[in-house]
Amino acid sequence: MAAHQEPASSGGGPPRRPRVLLAASGSVATIKFEGLCRSVAEWADVRAVATASALHFIDGASFPDGVPLYTDDDEWSRWRRVGNEVLHIELRRWADALVIAPLSANTLAKVAGGLCDNLLTCVVRAWDYSKPVYVAPAMNTFMWDNPFTARHLAVLRELGMSIVQPVTKRLACGDYGNGAMAEPSEICKTLMLFFGPQHL
Ligand code: PCO
Numbered sequence: 003m004a005a006h007q008e009p010a011s012s013g014g015g016p017p018r019r020p021r022v023l024l025a026a027s028g029s030v031a032t033i034k035f036e037g038l039c040r041s042v043a044e045w046a047d048v049r050a051v052a053t054a055s056a057l058h059f060i061d062g063a064s065f066p067d068g069v070p071l072y073t074d075d076d077e078w079s080r081w082r083r084v085g086n087e088v089l090h091i092e093l094r095r096w097a098d099a100l101v102i103a104p105l106s107a108n109t110l111a112k113v114a115g116g117l118c119d120n121l122l123t124c125v126v127r128a129w130d131y132s133k134p135v136y137v138a139p140a141m142n143t144f145m146w147d148n149p150f151t152a153r154h155l156a157v158l159r160e161l162g163m164s165i166v167q168p169v170t171k172r173l174a175c176g177d178y179g180n181g182a183m184a185e186p187s188e189i190c191k192t193l194m195l196f197f198g199p200q201h202l
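Taken in order, the sequence shown gives residues 3 to 202; the numbers are from our numbering.
Below is the structure:
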């Protein structure tokens, strides 16, 4: 990967496709991640990051061709000696926007606290906040209603991140309530509005 990339909005020739880094943490809603990657890849260059927990819900065999899926193993296996590429830094440089969908309660807490113990959280910890971050929380209603959620989301908003609000519906455990991840089509639409028609 090149160390520096032209911004999507740079003057001169036609704008290049937006570069979107899509990241998934571990939630039952991660079953929707593949669909989100497919939708966004129709109009953007997409790279994907999955936490170890997210991988429980992702079928590598059906993951879209042309969307590289990076995991914690890639972060470690690429680095042998000083001077080698550091994956979370390269991804942070490459991307025009970061989307975390789903954002689990655990990853929300880690991001709010500045923890960086895996590839996804290292990208966030290294992020350039002049570039957008969208997060789509997903969790059981009891977790969503827990006071920690509002506190942690307030920190994310203060950092400039945008929250794609969860919806009320039947959850994976059978409970009915708020906490279901926004539909991939909604998340995709939110991103398209940010990039605007000139890039699509
Ligand atoms: C645990 N967690 C969840 C996660 C949030 N749920 C959702 C939706 C899915 C089905 O449409 C699972 C994607 O309900 O985002 O349910 C509950 S105990």
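Cβ atoms here follow ideal geometry from the backbone N, Cα and C, with glycine treated the same way.
**Prompt:** Can you tell me the Cα-Cα spacing of THR192 and GLY28, whole angstroms?
**Reply:** Straight across, the Cα-Cα distance linking THR192 with GLY28 is about 22 Å.
**Request:** Could you give the DSSP three-state label for ALA52: helix, strand or coil?
**Result:** strand
**Endpoints, alpha helix (DSSP H) assigned at ARG172** = Careful: ARG172 lies outside any alpha helix (DSSP H), inside the beta strand (DSSP E) at 169-172.
**Near ligand 1: ILE102 beta-carbon under 7 Å from a heavy atom** = no
**Request:** Would you tell me roughly how many angstroms separate the C-alpha atoms of GLY15 and ARG49, rounded to the nearest one?
**Result:** Taking C-alpha positions only, GLY15 is separated from ARG49 by approximately 24 Å.
**Asked** Where do the N-terminal and C-terminal ends of the alpha helix (DSSP H) with LEU38 fall, by residue?
**Response** 35-43
**Which of helix, strand or coil DSSP assigns to ALA63** = helix
**Message:** Let me check you understand the geometry: is the CB of SER29 closer than 7 Å to at least one non-hydrogen atom of ligand 1?
**Reply:** yes
**Message:** In this structure, how does DSSP classify ALA182 when only helix, strand and coil are distinguished?
**Reply:** Correct three-state label for ALA182: strand.
**Prompt:** Does at least one heavy atom of ligand 1 sit under 7 Å from the Cβ of ALA26?
**Reply:** no
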